[in-house]
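Read through the structure below, which is laid out as structure tokens, and then see the notes.
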Amino acid sequence: MNSVRTRFAPSPTGFLHIGSLRTALYAYALAKHEKGDFILRIEDTDQKREVKGSTEAIQDTLKKFSLDWDEFYVQSERLELYKNAAEKLVKDGHAFYCDCKARNAKEEGFSNTLRDPCHDKNLTSGAIKLKVPDGKTVSYHDFVHKKEISWNTNTVYDATLLKTDGFPTYHLAAVVDDLEMKISHILRGHDWLPSTPIHLLVFEYLGGKRPEIGHLTDILSAETGKKLSKRRDSVFAEEFLKQGYLPEALLNFIMLLGWAPKDNRELYTLPEFVENFDINGFQEANPRFLQDKLDWFNGHYIREMSDKELLKLLKPFVPKNAGEEKLKEVVPLIKDRIKKLSDFDSLAGYIFKKTDEIKPLAFTPEYIAHISAATLALIEIKPSNWSLPTITQSLGTVVEKNNFKTSDFYMDLRGTISGSKFTPPLNETLVPIGSAATIARLERGLGENKK
RNA sequence: GGCCCUAUCGUCUAGUGGCCUAGGACACGGGGUUUUCAGCCCUGUAACCUGGGUUCGAAUCCCAGUGGGGUCACCA
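Counting in the numbering used here, the final residue of the first sequence is number 1425, and the numbers go up one at a time with none missing.
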């Protein structure tokens, strides 16, 4: 049996990053395309950086995107495994104890001291570090880059494997787990590429079948051209959801940042992506995160939804006083016009506002004539008869009788009713606004523009 | 700075020596539908980083340069 098993291995230091979501998506598709297993592994080996609740938050987010895992592990519950592995490496002469003070690269700047002072001291306690050999070439075939990548070990430093607090570093824990969990493909961020020779050595010394390894491109900020960062860019998947991006749109957008099929197809649901996934489709150069394209995907998926579904998703973005019945009328009017769910308010919020919350806008010199004629006509419609056909009929007659220019007439009406230049078709929105509120808004507009 | 990855329209990309006068999508421009804005339809502008090779032939192969990105912790 050589089933495909992939893993997504975040550390619990906060919310799920958009780049991590993409890594998870690819790892998921890679496994599921071959009917394999997708494993979630929490890499919580740095107690200082751990943020409480992030494991749950990450799981929560993955579920929202339907990236369900088959197995779940937490590294801090597996410390014995790493300790044993480290001690075995020492016994085999591939690692050594070290009692030096921990150094901090950020304080010291670039460092050329690759070999640790304790490299050959044969100490019996302290941290355990990898005994990197000199002048050896280590290499592997990267399945993302589709090429052999190699290093001379003279450029590899004696990395720490087991810390003095008894916890492993990533270099040890990840390798031990990938072996123990029988991971078939390691798919991870590009930032891991430089430390791969360390892992290659550990894999070799520990023995067993080394997984295939692939390093994904970094997603670059469209503005800075640098790797997306928490400080500068909005990077958390949850942030996008909160803004009214749909999970399927975000997923579709992100799957095409760094991967493309032969036929260049762009629209994929998650199951379709899994089905069409091809490991040769990975891109080698770093893509930029351009929000315009995300917006297009989002608009596309919004338009594909039924009004009923959309209404449901819109709930968190809609004014509190908006009743179900009115919303049902409004949803089809905004469906073609919004890019994100949060656009609802700027586009249709006026429908639900009080008269004095709207600042009437006048657009043409004929304003007074337009609005008074409209008011007189609409007052004639009995509230019980207030409907699209009666409104359309009534206003149509006004335009015709007064020889108004249709577009001018409606622009003044629009400005008065909505306080905005852009709205859904006006007659349609007058229905949910209602007879009384419509008349009130028109009268207010007249009052404000009389003098 | 060392090491590593990388280079097709503004952006995401197709392209694996002749199907390329370089294709698609987003964005942008023009037109149509239209009470505004969208949406939809039609349509246009726009790219092979540079220099050397290899070859009858190069976006595709090789080398160099340049540009871009990453990384250099008892963090992941």
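Beta carbons: idealized from backbone N, C-alpha and C, even for Gly. For clarity, every value in this text was computed on a predicted model and none was experimentally measured.
- Around the beta-carbon of Glu-1249, fewer than 16 other beta-carbon atoms lie within 10 Å, marking it exposed.
- Asp-1266 sits in a helix when the DSSP states are folded into three classes.
- One alpha carbon belongs to Pro-1171, the other to Val-978, and they sit about 23 Å apart.
- Collapsing the DSSP output to three states places Ala-1069 in a strand.
- Per DSSP, reduced to three states, the secondary structure at Glu-1024 is coil, with no helix or strand assignment.
- Under the criterion of beta carbons closer than 8 Å, Thr-987 and Arg-1023 qualify as touching, at roughly 5 Å.
- If you look at His-1159, you'll find it in the beta strand (DSSP E) that goes 1159-1163.
- Of the other Cβ atoms in all chains shown, 16 or more fall within 10 Å of the Cβ of Thr-980; this residue is therefore buried.
- In this structure, DSSP gives Pro-1357 a helical state, which the three-state scheme calls helix.
- By the Cβ criterion, the stretch 1267-1274 is not in contact with the stretch 1291-1298, since fewer than three pairs of Cβ atoms, one from each stretch, lie closer than 8 Å.
- Tyr-1114 is bridged by DSSP to Ile-1123.
- If you check the CB distance, Asp-1090 and Lys-1103 come in under 8 Å.
- Pairwise C-beta distances place the stretch 1410-1421 in contact with the stretch 1390-1400, as three or more of them are shorter than 8 Å.
- Around the beta carbon of Thr-1134, 16 or more other beta carbons lie within 10 angstroms, which makes this residue buried.
- The Cβ atoms of Asp-1132 and Lys-1105 lie closer than 8 Å to each other.
- When Gly-1182, Tyr-1384, Thr-1403, Leu-1288 are compared, the shortest CA-CA separation from Pro-1363 is found for Thr-1403.
- The Cβ atoms of Tyr-1324 and Ile-1312 lie no closer than 8 Å to each other.
- Note on geometry: alpha-carbon atoms of Pro-1339 and Thr-1371 lie some 21 Å from one another.
- Closest in C-alpha terms to His-1164, from the list Ile-1187, Glu-1178, Leu-1174, comes Ile-1187.
- Ile-1016 sits close to Val-1048, with the two beta carbons spaced by under 8 Å.
- Between the beta-carbon of Lys-1137 and that of Ala-1196 there is about 38 Å, and that puts the pair past the 8 Å contact cut.
- If you check the CB distance, Ser-985 and Asp-1018 come in under 8 Å.
- Residue Phe-1251 holds the alpha-carbon nearest to the alpha-carbon of Glu-1008 among Phe-1251, Thr-1243, Met-1385.
- Assignment of Arg-1418 by DSSP, reduced to helix, strand and coil, places it in the helix class.
- Taking the Cβ atoms as the reference, His-1159 lies roughly 6 Å from Pro-1185, within the contact range of under 8 Å.
- Burial state of Asp-1139 is exposed, judged by a 10 Å Cβ sphere holding fewer than 16 other Cβ atoms.
- Secondary structure at His-1189: strand, using DSSP grouped into helix, strand and coil.
- Excluding sequence positions up to five before and after Lys-1006, its CB lies within less than 6 Å of the CB of Val-1248, all in the same chain and listed in chain order.
- Here Arg-1277 is exposed, its C-beta having fewer than 16 other C-beta atoms within 10 Å.
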